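Structure first, commentary second.
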Amino acid sequence: MMCDCIAVKLAHNGWSVSYTRKQICILKGSSYRIPGNKENDCTLRFTGLRMSDSAEYRFRLRTILGGKFAGTPVLLTVTDVLLELDPTSVSEGESAILRCRTKCTLGPNTAFIWYKNGQPIPNNYPYSNRLYQNPVSNDDAGSYSCAVDGHDDLHSPEVTLRVRYKPKSTSASVSPSGKIVEGSSVTLTCNSDANPPVQNYTWLKRNVTSPKASGPSYTITKISSEDNGEYYCEARNILGGENSRELFIWLLSEINYHTIYTYFILKGFVITVVECKLHVVVNKAMFLNE
């Protein structure tokens, strides 16, 4: 801060100090000057303002006759940029409001710039101090900040918008995949995206009333033809649930095929009968995602 001189005037009741403004609001880090009159360039200059510079300022005049004169003080308020989020956590489909503000009024036409994850939000017209998210989707989740237009170097502290949503993209998979020998083990795994995280996984089999298992994975030991069917999982949190698509499991048990082929061979007047027996064994499991 630097003070060049003071501005005074002679009123009908004697000397006094006058100011062009009684209250001043300025952003942290800025420079400002309180100008004097045109006859005497009495100007108070501030550079690199800090929050601690907020205070009352006044000129005091001393005359050679010992008089002391001081006017009503000037209130200087140094402000940073603040960001408020209401509410801080929402569910998909609800609304959220972000409000950018300063501790004092900078001016009647102050414009603001909005940022998400450090990048300016495009098409933010008309540079309002409020940003509405309605309805909120999972894509709106992230860290937000704001700044006064023309002071892009002074961002507000970031606030994080957290979006809750029920399970989505729920899927079921099988391991190992491919052909499985009867009597071996098969593991089914359920995956889902949710916030808050999935609390309960349930495994179900179509046309079977009771659940087969709970948890993100379900192991079928010593698989047999009795395990044939359509399996799916349900993922659920406090906001709701979602089912995966069905996973078809079909085990072909051992089947013996005995086929007899009879051939008649004519050789002159002699007829020879030849029999050939073909033995085929099928033993496999087939997994198919629909």
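According to UniProt numbering, the stretch in the sequence shown is residues 1 to 290, in order.
Note that beta-carbon positions come from the ideal geometry of N, C-alpha and C, so glycine has one too.
Keep in mind the model is a prediction, meaning the values are calculated, not measured.
Bridge pairing for N228: absent [DSSP]. With distances taken between CA atoms, L239 lies nearest to N200 out of I249, L82, N200.
Looking at G142, V181, I180, I249, the one whose alpha-carbon comes closest to that of G118 is G142. Two segments are said to touch when three or more pairs of C-beta atoms, one from each, lie closer than 8 Å; by this definition the segment 22-31 touches the segment 101-115. Going by beta carbons, W203 and P211 fall inside the 8 Å limit. The DSSP-derived three-state label of D149 is coil. For P167, the enclosing beta strand (DSSP E) begins and ends at 159-175.
Within 10 angstroms of the beta-carbon of Y144 lie 16 or more other beta-carbons, which makes it buried. Per DSSP, L204 is one residue of the beta strand (DSSP E) stretching across 200-205. Measuring C-alpha to C-alpha distances from P176 to each of K22, I249, V74 identifies I249 as the nearest.
With respect to N243, Y231 sits apart: the two C-beta atoms are not nearer than 8 Å. DSSP, reduced to helix, strand and coil, places S143 within a strand of the structure shown.
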